[in-house]
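Please read the structure below before turning to the comments.
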Amino acid sequence: MKKILLSFFFFVVLISVRAEYDSLFSAGTLRMDYYHAGDAQNEYFFFKEFIHEPFWGGSHTQLIDAFEYGNHRVEMTDLATGNLLYSRGYSSLFAEWQTTAESKILQRSFEESVVMPFPKNPVKVRLLSRNRQGEFVLFLEVVARPDDYFIRPAAQLPCEVHQIHGNSDPAHAVDIVVVPDGFTRDEMGFFIEKAADFANHLFRYEPYRSHSDLFNIRVVAAPSAESGVSVPAKGIWPQTAVSSSFYTFDSERYCMTNAHHCLRDLAGLAPYDQIYVLTNTTKYGGGGIFNFYCLSSALNQSSPQIIVHEFGHGFAGLADEYYDSSTSYDSFYNLNIEPWEPNITTLVGFGDKWQSLLDPDTPVPTPDTPDWEGIIGVYEGGGYSAKGIYRPSRDCLMHTFKGEVFCKACQQAIVRMIHIYTD
6 MKKILLSFFF
16 FVVLISVRAE
26 YDSLFSAGTL
36 RMDYYHAGDA
46 QNEYFFFKEF
56 IHEPFWGGSH
66 TQLIDAFEYG
76 NHRVEMTDLA
86 TGNLLYSRGY
96 SSLFAEWQTT
106 AESKILQRSF
116 EESVVMPFPK
126 NPVKVRLLSR
136 NRQGEFVLFL
146 EVVARPDDYF
156 IRPAAQLPCE
166 VHQIHGNSDP
176 AHAVDIVVVP
186 DGFTRDEMGF
196 FIEKAADFAN
206 HLFRYEPYRS
216 HSDLFNIRVV
226 AAPSAESGVS
236 VPAKGIWPQT
246 AVSSSFYTFD
256 SERYCMTNAH
266 HCLRDLAGLA
276 PYDQIYVLTN
286 TTKYGGGGIF
296 NFYCLSSALN
306 QSSPQIIVHE
316 FGHGFAGLAD
326 EYYDSSTSYD
336 SFYNLNIEPW
346 EPNITTLVGF
356 GDKWQSLLDP
366 DTPVPTPDTP
376 DWEGIIGVYE
386 GGGYSAKGIY
396 RPSRDCLMHT
406 FKGEVFCKAC
416 QQAIVRMIHI
426 YTD
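Set out below in structure tokens:
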């Protein structure tokens with residue numbers, strides 16, 4: 006009888022939550038495209054348009070951001086009452102570019118988008134960005150009225166969508182959409198094979214393996230006019246679906262795309278929480294930005310490790326734990342505040358990180374010596390800085406590919422994020 010009553014209680018709660026969501030939102034996604042511009046010291050957001058996409062891949066219950074991760078945040082409030090209806094943190098290519106030497110002498114603009122459930126009533130969409138002290142500052146407010154005829158229907162692009170993993174309700178799953186770049190129409194079958202490999206690679210690693218039933222993976226078969234990926238330093242510029250390019254920020258292995266709105270057009274053909282671009286190249290490289298997109302080669306021998314590393318950035322907000330000189334960033338983190346990423350710390354606010362995973366006898370900082378191999382600690386070096394930033398383990402998939410495992414702190418962060426999408 007107790008089990009029956011408990012089941013009935015959860016059923017009533019589920020019906021109530023669904024009714025609340027349905028009272029606020031219609032089917033589909035409200036997407037806002039805009040331009041993010043500025044230089045090292047200044048940033049500006051310029052509205053482009055609203056788009057009504059047919060699917061909403063997100064949760065119907067976890068609508069308010071629980072973690073406050075990301076360099077930026079989108080908020081949707083009811084226009085009449087001011088009540089917060091939806092919020093999410095995210096990061097951007099622009100925020101990374103602001104830490105490069107080029108940003109000190111040049112102004113640039115980048116395409117960006119945010120997505121949210123499509124509202125039934127007029128709302129205000131707000132974009133906020135962190136300042137150097139880690140505080141969110143409001144930069145843009147735009148009113149969206151669901152009956153506004155200037156809200157453009159999403160383009161009906163002639164691309165097939167294939168489900169390659171899972172068959173769960175998008176409201177209770179992590180939905181990944183995989184988009185090809187540099188695969189021609191004749192190579193679409195090969196791309197779908199590589200996308201299946203992507204799923205196999207992801208679920209080789211914990212904690213994804215033990216939570217694989219909570220994921221859906223779909224592919225959008227979007228052909229490119231030409232095969233391959235741009236490599237500017239070698240004069241290689243193929244015409245591809247989303248214009249991926251190595252040498253982003255003049256870093257050879259950093260392969261990203263600036264055609265963000267085009268990428269969102271393709272991703273929106275399926276329900277999605279995360280976008281992953283697979284490129285048709287054997288060249289080592291890629292990138293991942295929290296709640297923005299991830300990208301990597303489909304054909305490199307290190308593809309399994311690259312995929313799971315970049316997805317750690319894009320999905321769970323994990324930071325790079327390496328600290329060599331291979332990046333183009335200058336003073337990426339302010340050492341006087343606690344970074345928002347869950348797997349690095351400046352010790353300013355370490356109590357909110359992985360402190361609960363430490364053995365009471367583990368010293369802080371922890372000696373970075375072989376005696377401490379495999380032990381969760383506080384090891385100096387991470388976040389592109391050899392001093393002042395600390396990581397949870399001597400090695401991890403967010404550091405190198407040697408051990409081929411996520412440390413306990415990273416696994417904990419990934420599992421917490423999975424439940425935000427699936428509970």
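Using our numbering, you'd call the opening residue of the sequence shown number 6 and step up by one each time. C-beta atoms are modelled at their ideal positions from N, C-alpha and C, and glycine is treated no differently.
{"Check": "Are the region 144-162 and the region 102-119 in contact at 8 Å, needing three or more beta carbon pairs?", "Outcome": "no"}
{"Check": "Mind checking who ASP400 pairs with in its DSSP beta bridge?", "Outcome": "Answer is none; ASP400 lacks a bridge partner."}
{"Check": "Is DSSP giving ALA149 helix, strand or coil here?", "Outcome": "strand"}
{"Check": "Taking only three categories from DSSP, how would you classify TYR26?", "Outcome": "helix"}
{"Check": "Write down every uninterrupted run of the alpha helix (DSSP H) in the region 294-325 whose length is 4 residues or greater and which is fully enclosed by it, in chain order.", "Outcome": "308-321"}
{"Check": "Once DSSP output is grouped into helix, strand and coil, what is the label at ASN205?", "Outcome": "helix"}
{"Check": "Using only the alpha-carbon positions, how far apart do ILE349 and LEU145 sit?", "Outcome": "30 Å"}
{"Check": "Check HIS265 in the structure and name its three-state DSSP category.", "Outcome": "helix"}
{"Check": "Please return the same chain residues whose Cβ sits closer than 7 Å to the Cβ of HIS266, not counting the five positions on each side in sequence.", "Outcome": "ASP38, GLU116, SER118"}
{"Check": "How many whole angstroms separate the CB atoms of CYS260 and GLY290, which I take to be in contact at a CB cut-off of 8 Å?", "Outcome": "4 Å"}
{"Check": "Is ASP186 buried or exposed, if buried means 16 or more other CB atoms sit within 10 Å of its CB?", "Outcome": "buried"}
{"Check": "Smallest Cα separation from MET81: which of TYR91, TYR74, ASP325?", "Outcome": "TYR91"}
{"Check": "Can you tell me where the beta strand (DSSP E) with PHE123 in it begins and where it stops?", "Outcome": "113-124"}
{"Check": "Relative to the C-alpha of GLN306, which candidate in GLY43, ASP202, HIS57 has its C-alpha closest?", "Outcome": "ASP202"}
{"Check": "Across which residues does DSSP place ILE241 in a beta bridge pair?", "Outcome": "VAL236"}
{"Check": "Quick check on ASP83: does DSSP put it in helix, strand or coil?", "Outcome": "strand"}
{"Check": "Do you know offhand how far GLN112's Cα is from ASP44's?", "Outcome": "5 Å"}
{"Check": "Using the three-state DSSP reduction, which class does LYS199 fall into: helix, strand or coil?", "Outcome": "helix"}
{"Check": "Since HIS424 is in the alpha helix (DSSP H), which residue starts that stretch and which ends it?", "Outcome": "413-427"}
{"Check": "Could you tell me whether the Cβ atoms of TYR328 and TYR389 are closer together than 8 Å?", "Outcome": "yes"}
{"Check": "To the nearest angstrom, how far is the alpha carbon of PHE14 from that of ILE425?", "Outcome": "Low confidence applies to PHE14: its pLDDT is 45, below 50, so where it sits in the model is not reliable, and the reading given next is rough at best. Each residue's Cα considered, the two are about 21 Å apart."}
{"Check": "Which partner residues does ARG135 have in the DSSP bridge list?", "Outcome": "PHE141"}
{"Check": "Does DSSP put HIS57 in a helix, in a strand, or in coil?", "Outcome": "strand"}
{"Check": "Taking the CB atoms as reference points, tell me whether TYR273 and ARG93 lie closer together than 8 Å.", "Outcome": "The question names Tyr, but residue 273 is Gly in the sequence shown. No; because the gap between Cβ atoms is not below 8 Å, this pair is not in contact."}
{"Check": "Counting pairs of beta carbons, one from the region 73-88 and one from the region 213-229, are three or more of them closer than 8 Å?", "Outcome": "no"}
{"Check": "Quick check on this structure: which residue in ASP83, SER96, GLN67, SER28 has the alpha carbon closest to the alpha carbon of HIS318?", "Outcome": "SER96"}
{"Check": "If you run the structure through DSSP and keep just helix, strand and coil, what is GLU385?", "Outcome": "strand"}
{"Check": "Reducing DSSP to helix, strand and coil, say where GLY94 ends up.", "Outcome": "strand"}
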